[in-house]
Amino acid sequence: DTGVSQDPRHKITKRGQNVTFRCDPISEHNRLYWYRQTLGQGPEFLTYFQNEAQLEKSRLLSDRFSAERPKGSFSTLEIQRTEQGDSAMYLCASSSGGGANEKLFFGSGTQLSVL
Amino acid sequence: AQTVTQSQPEMSVQEAETVTLSCTYDTSESDYYLFWYKQPPSRQMILVIRQEAYKQQNATENRFSVNFQKAAKSFSLKISDSQLGDAAMYFCAYRRNGAGSYQLTFGKGTKLSVIP
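Protein chains in written order, with our numbering: chain W, 25 to 139; chain G, -1 to 114.
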């Protein structure tokens, strides 16, 4: 069990470019979440997958954002036509069950800077 | 919509002393969960403690305990015998219980410093 892995750790891009982040959850975790955290704020929910199905999306996830989880394993989060307001840390978390005993394991995040 | 408020942007505590971090929340639901997460400089969020709203007994995990006041919608975290490794951002979070409720709502966090 190596924990939740996110790649890259840092990404610097120019406004208008597309970026893609990857998250590798703990193996056999069927639930996967994406959150966004801006400076001085707590994380904000973006989207949730149960296996390969995307079951919930926040209104924060505009049409420039797309997330996938093919085969219910790793997940990718793509941002098209990046804007300076997209600068944030993107956190991934996974868990193996729901309800009262669900425990989320977070990755160390991808820090995105849009110039 | 649910909101979580942490009114203390920063707190400090002497090593080995006790500190309490405050959290209030607003919800119309009766069945929900509350959490405290720790985020050290390494950025990885770690669950500290959780409380189920239907349980009257306050949760305890070693040096960490909560004071859950459901009527007042208050959920404070007490850290006893503070250690240098406790220095981090602490986030209070809420999640509604029930089908289709997956997201955590976080407060803005409290930065805790531990003074040697």
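Even glycine gets a Cβ: it sits at the ideal position worked out from N, Cα and C. Nothing here was measured: the structure is a model prediction, and the numbers come from that model.
Item	Value
Taking the alpha-carbon of Q101 of chain G as reference, which of G:V17, G:S5, G:S10 and G:F33 has the nearest alpha-carbon?	G:F33
At a CB distance below 9 Å, what residues from the stretch 128 to 139 of chain W approach chain G? Give them in sequence order.	L128, F129, F130, G131, S132, G133 and Q135
Take the Cβ of I103 of chain W as the centre, count every other Cβ of all protein chains shown within 10 Å, and call the residue buried at 16 or more, exposed below.	buried
Tell me, please, which residues DSSP counts as bridged to T62 of chain W.	T62 of chain W is not bridged to any residue.
Determine the burial state of Q30 of chain W: buried for a count of at least 16 other Cβ atoms within 10 Å of its Cβ, exposed for fewer.	buried
Applying the 10 Å Cβ sphere with the 16-neighbour rule, what's the burial state of Y52 of chain G?	exposed
Hey, quick one: how far does the beta strand (DSSP E) through D48 of chain W stretch, first residue to last?	V43 to D48
Unbroken beta strand (DSSP E) runs of length 3 or more, entirely within the stretch 31 to 101 of chain G: which are they?	44 to 50, 62 to 67, 72 to 77 and 86 to 94
What's the call for S80 of chain G, buried or exposed, on a 16-neighbour Cβ count within 10 Å?	buried
For F89 of chain W and chain G, any beta-carbon pair shorter than 7 Å?	no
I'd like to check one pair, Y88 of chain G with T108 of chain G: are the Cβ atoms closer than 7 Å?	yes
Less than 7 Å separating the beta-carbons of M113 of chain W and Q78 of chain W?	no
Let's test the definition: count the other Cβ atoms within 10 Å of the Cβ of S119 of chain W and tell me whether it reaches 16, buried, or not, exposed.	buried
Between which residues of its own chain and R88 of chain W is the CB-CB distance below 7 Å, once the five residues before and five after are set aside?	I103, Q104 and R105
Using the Cβ count rule (16 or more neighbours within 10 Å means buried), how would you classify K36 of chain G?	buried
So the beta strand (DSSP E) L117 of chain W belongs to, where does it begin and stop?	Looking at the sequence itself, residue 117 of chain W is Ala, so the reference to Leu does not match. Element bounds for A117 of chain W: A112 to S119.
Residues in the stretch 62 to 78 of chain W with C-beta within 8 Å of chain G's C-beta atoms, listed in sequence order?	G64, Q65, G66, P67, E68, F69 and Y72
If you measure from the beta carbon of E107 of chain W to each beta carbon in chain G, is any gap under 7 Å?	no
Does G121 of chain W pass the burial test, meaning 16 or more other C-beta atoms within 10 Å, or should it be called exposed?	exposed
May I ask you to report which of helix, strand or coil DSSP gives Q108 of chain W?	helix
Rounded to whole angstroms, how far is the Cβ of Y123 of chain G from the Cβ of V2 of chain G, which I believe are closer than 8 Å?	Lying outside -1 to 114, the shown extent of chain G, residue 123 of chain G is not represented and no answer is given.
Quick one: residues in its chain with C-beta nearer than 8 Å to the C-beta of F73 of chain W, no 5 flanking neighbours on either side, listed in chain order?	R55, L56, Y57, L79, A91, R93, G96 and S99
Between F66 of chain G and the rest of its own chain, which residues show a CB-CB distance below 6 Å, the 5 nearest in sequence each way excluded?	Q49, N56 and F73
How is K106 of chain G classed by DSSP in three states: helix, strand or coil?	coil
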